[in-house]
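Asker: My questions all concern the structure below.
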Amino acid sequence: MQHRTPIDPKILRNVAIFSTMDADQLVQIGLLLKERRYRRGAIIFHQGDEGGCLYIIRTGKVRIYLSSPDGREAGMRMYGEDMAFGEFSVLDGQPRSASAAAITDVTAFALYRADFLNLLEHNFKLVEYVIAMLTERLRYTTNYFEKLAFLSVPGRVAALLLQFASIEPLPDDETRLEITQQEIATFVNTTREWVNRALREFEEQMLIRLERGAVIILDRAGLHQRVT
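Here it is, written out as structure tokens:
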């Protein structure tokens with residue numbers, strides 16, 4: 003679903019990618035953005051699609067994943083509120099390198115390629131931010147493959163839960179992650195059965211609590227100790 007009502011610039015002030023913009027610039031950006039809404043489980047774009055816009059998440063969470071020709075999936079990353087995704091295709095004009103799906107109900111802002119490139123041309127601070135963002139993406143990918151290569155399955159699951167918890171806007175003693183065990187399995191490159199074993203073990207140790215379609219983190223420090 004798409005809405006063309008101008009976006010309130012006060013909302014954009016908290017979005018990191020626009021943090022260097024002044025009030026007048028935020029008003030102009032608000033006129034460029036298109037609000038889109040997705041139900042939980044909806045595909046936002048597929049790997050190989052034309053990449054005409056980047057997205058900024060207003061509410062909800064999105065997972066990025068790769069798909070094989072036989073239908074298998076490998077999760078890459080999860081994004082939360084005020085985070086941007088889909089920027090690679092906007093910058094290089096190439097098809098989407100991965101797919102994106104809504105983990106929860108999502109409200110997002112779409113910024114089209116021509117508008118984004120025009121903003122970059124006239125705002126060096128935005129260019130600096132994009133360079134920093136791309137560098138962070140590269141570091142994250144390196145760290146991700148390091149975990150896949152060297153951690154046990156329980157260690158990978160613990161690291162993933164902590165990474166997902168870190169993007170919560172207001173982390174507290176109990177952090178609820180709306181994610182299924184199958185979705186976790188795609189991120190840590192294993193089967194749902196192995197994920198279930200790890201989660202049951204964490205639950206017995208009172209590190210987490212399991213609910214249908216969700217994991218509630220009870221002890222972050224304890225989970226950190228399981229990242230081995």
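Residue numbers (my numbering): 3 to 230. Backbone N, C-alpha and C fix where the C-beta goes; we use that ideal spot for every residue, glycine too.
#1: Quick check: Ile105 and Met80, are their CB atoms within less than 9 Å of each other?
#2: On the CB-based measure, 16 or more other CB atoms within 10 Å of its CB, does Glu176 come out buried or exposed?
#3: Mind the definition here: the region 186-196 touches the region 121-139 only if three or more C-beta pairs lie below 8 Å; say whether that holds.
#4: If you reduce the DSSP assignment to three classes, tell me which class Arg194 lands in.
#5: Threshold first: 3 residues or longer. Then list the beta strand (DSSP E) segments lying entirely within the region 85-131, N to C.
#6: Would you list the residues sitting across from Glu218 in a DSSP beta bridge?
#7: Can you name the residues that DSSP bridges to Met141?
#8: Measuring alpha carbon to alpha carbon, tell me which residue in Pro156, Glu180, Thr182 and Gly215 is nearest Arg199.
#9: Output the boundary residues of the beta strand (DSSP E) element that contains Ala76.
Answerer: Walking through what the data contain:
#1: Between Ile105 and Met80, the gap from beta carbon to beta carbon is short of 9 Å.
#2: The C-beta of Glu176 has fewer than 16 other C-beta atoms within 10 Å across all chains shown, which makes the residue exposed.
#3: The region 186-196 makes no contact with the region 121-139; the number of CB pairs closer than 8 Å stays below 3.
#4: Arg194: helix per DSSP, three-state reduction.
#5: Entirely contained in the region 85-131, the beta strand (DSSP E) runs reaching 3 residues are, in chain order, 101-104 and 108-114.
#6: A quick correction: the sequence has Ile, not Glu, at residue 218. Under DSSP, the beta-bridge partners assigned to Ile218 are Arg178 and Arg211.
#7: According to the sequence displayed, residue 141 carries Arg and not Met. In DSSP, Arg141 forms no bridge with anything.
#8: Comparing alpha-carbon positions, the option among Pro156, Glu180, Thr182 and Gly215 lying closest to Arg199 turns out to be Pro156.
#9: Ala76 -> beta strand (DSSP E) spans Glu75 to Tyr81.
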